[in-house]
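A short worksheet on the structure shown next.
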Amino acid sequence: MTRIEIITADITHLNVDAIVNAANRSLLGGGGVDGAIHRSAGHELLKACQLLGGCNTGDAKITPGFRLPSKFIIHTVGPVWQGGRYHEKGLLASCYQQSLRLATENGIKTIAFPNISTGVYGFPKREAASIAIESVQSYLKTHPEIERVIFCCFDDENFEIYNKLNYSTISIERVQSEKEVQLVADLAYTIWNEHYVQIIGQDQVNYMVTNFQSAEAMSKQIQTEGYEYYIIRHLSEPSGYISTKLTGDELFLSKFYVIKEKRGTGIGKEGLKFICERARTLGANSIKLTVNKYNTNSIKAYEKMGFINFGSVVADIGEGYVMDDFVMKLDL
Ligand code: APR
8 MTRIEIITAD
18 ITHLNVDAIV
28 NAANRSLLGG
38 GGVDGAIHRS
48 AGHELLKACQ
58 LLGGCNTGDA
68 KITPGFRLPS
78 KFIIHTVGPV
88 WQGGRYHEKG
98 LLASCYQQSL
108 RLATENGIKT
118 IAFPNISTGV
128 YGFPKREAAS
138 IAIESVQSYL
148 KTHPEIERVI
158 FCCFDDENFE
168 IYNKLNYSTI
178 SIERVQSEKE
188 VQLVADLAYT
198 IWNEHYVQII
208 GQDQVNYMVT
218 NFQSAEAMSK
228 QIQTEGYEYY
238 IIRHLSEPSG
248 YISTKLTGDE
258 LFLSKFYVIK
268 EKRGTGIGKE
278 GLKFICERAR
288 TLGANSIKLT
298 VNKYNTNSIK
308 AYEKMGFINF
318 GSVVADIGEG
328 YVMDDFVMKL
338 DL
């Protein structure tokens, strides 16, 4: 299920954990969505805002939702558009990032944004929409705790702009539920049977899928061995998966597989970018992986991504099968 939704609605009606208010620096109310939120939330909101001491442009502060259906209101102050010479784009991106940071800090999982700065503040709508989607997508990639972000448009023009924007068709999301683990295991079954039979033979593929790529094996790794699993979707279709494990200051890239029909859609590049971002977030300074010596396509792909051959490893993986791999490493 995609985590970003675009709707046309009155944001004060939305039953989400938090709605975001396009406020002004005083935080004492105004027109537009700010006025609508203050009217719907009731006078306690103004009292709560009076205690906040205002808010800088690009920053965000949080209050309860009071009479609104949403539990919280995150007030952010967008930039007034002055032609783009006064860091307006960065300040608008910061509104989304700071609002999401507050959401994470307050355990908020579902959040709705209005089209910040595109009303009274005159920010060009298309540019604002592009900044909004890119900022949110970038945050969601490394923050699986945010489950849903709604862009709440209030006019058809914004709704059309957001939907036309060709935002990234690739999403990479943390695997949490049993259902998603099973989805990854099903992907593994497909990938291993379509790619590895000609490399290691059907028998060993069956052995690997049963013992190392099954839902049980993956759940055990997630729950007891500190592995993180991510599912990759292209155009919302399950298309690949990643699993990693942090050991010291090195991130071990245990699995990074893409189904054949989705090769060439940019998943490799997006996936590696995601893995590097995750490694940096975890404080790792390198990424290590092992790859079958006869898997020439993958070896070439990793070399293209900047991995260097770091030696080899031969290990008995049971039932007389031997893993004969290259070790490859990418310094961050
Ligand atoms: N629900 C959702 N969106 C709304 C609503 C609503 N009830 N009311 C207005 N909007 C939309 C507007 O149509 C616009 O697309 O919110 C978007 C932001 O417009 P503004 O509310 O004018 O906010 P902004 O451009 O950021 O200007 C902020 O306006 O209201 C004052 O006090 C506010 O000084 C601040 C300035």
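Counting with this note's numbering, you get residues 8 to 339 for the letters of the sequence shown. Idealized CB from N, CA, C, for every residue including glycine.
Residues near A308 in its chain [Cβ-Cβ closer than 8 angstroms; skip 5 each side]
Here residue 308 is taken as the residue at index 301 of the sequence shown, counted from 1. Within the same chain, A308 has close Cβ partners G275.
Could you pull the start and end residues of the beta strand (DSSP E) that C159 belongs to?
On the sequence shown, position 152 is the one that residue 159 refers to. C159 -> beta strand (DSSP E) spans 155-160.
Reference K148, options E284, Y301, G290, closest by Cα:
For the purposes of this step, residue 148 is identified with residue 141 of the sequence shown, where counting begins at 1. K148 has its Cα closest to that of E284, out of E284, Y301, G290.
Which of the three DSSP states is assigned to Y236 in this structure?
By one-based count along the sequence shown, residue 236 stands at place 229. If DSSP states are grouped into helix, strand and coil, Y236 belongs with the strands.
State buried or exposed for M8, treating a residue as buried only when at least 16 other CB atoms are found within 10 Å of its CB.
Position 1 of the sequence shown holds residue 8. Note that M8 has pLDDT 44, beneath the 50 cutoff, so the model's placement of it is unreliable and the number below is only indicative. Under this definition M8 is an exposed residue.
Can you tell me which residues form a DSSP beta bridge with Y248?
Translated into the one-based positions of the sequence shown, residue 248 becomes position 241. Beta-bridge pairing links Y248 to I238, Y264.
Any non-hydrogen atom of the ligand APR within 7 angstroms of D338 CB
The sequence position of residue 338 within the sequence shown is 331, counting from 1. False, no ligand heavy atom lies under 7 angstroms from that Cβ.
Report all residues for which the CB-ligand distance to some heavy atom of the ligand APR is below 6 angstroms; order them along the chain.
D17, I18, T19, A29, A30, N31, G37, G38, G39, V40, D41, G42, A43, G85, P121, N122, I123, S124, T125, G126, V127, Y128, C159, F161, D162, N165
So L337 is in the beta strand (DSSP E); what residue range does that whole segment cover?
Locating residue 337 in the sequence shown gives position 330, where the first residue counts as 1. Note, L337: beta strand (DSSP E), 328-338.
Using DSSP's beta-bridge definition, name the partner residues of P86.
Looking up residue 86 in the sequence shown gives position 79. Bridge partners of P86: none, in fact.
Can you give the Cα-Cα distance for G72 and I44, rounded to whole angstroms?
Start at 1 with the first residue of the sequence shown, and residue 72 comes out as number 65. Start at 1 with the first residue of the sequence shown, and residue 44 comes out as number 37. Their backbone Cα atoms lie some 9 angstroms apart in a straight line.
C-alpha distance - S319 paired with L337, whole-angstrom precision
Residue numbering aside, residue 319 sits at position 312 when the sequence shown is read from its first letter. Residue numbering aside, residue 337 sits at position 330 when the sequence shown is read from its first letter. In a straight line, the C-alpha of S319 is about 15 angstroms away from that of L337.
First and last residue of the beta strand (DSSP E) that includes I282?
Numbered from 1 along the sequence shown, position 275 holds the residue referred to as residue 282. Where I282 is concerned, there is no enclosing beta strand (DSSP E), although the alpha helix (DSSP H) it sits in stretches over 274-288.
Leaving out the 5 sequence neighbours to the left and right, which residues in its chain are closer than 6 angstroms to L98 when beta-carbon positions are compared?
Your numbering for residue 98 matches position 91 in the sequence shown. Taken in chain order, the residues that qualify are T64, G65, P86.
Excluding sequence positions up to five away, which residues of its chain have a Cβ less than 7 angstroms from the Cβ of L172?
Here residue 172 is taken as the residue at index 165 of the sequence shown, counted from 1. Only A136, S137, I140 meet the Cβ criterion.
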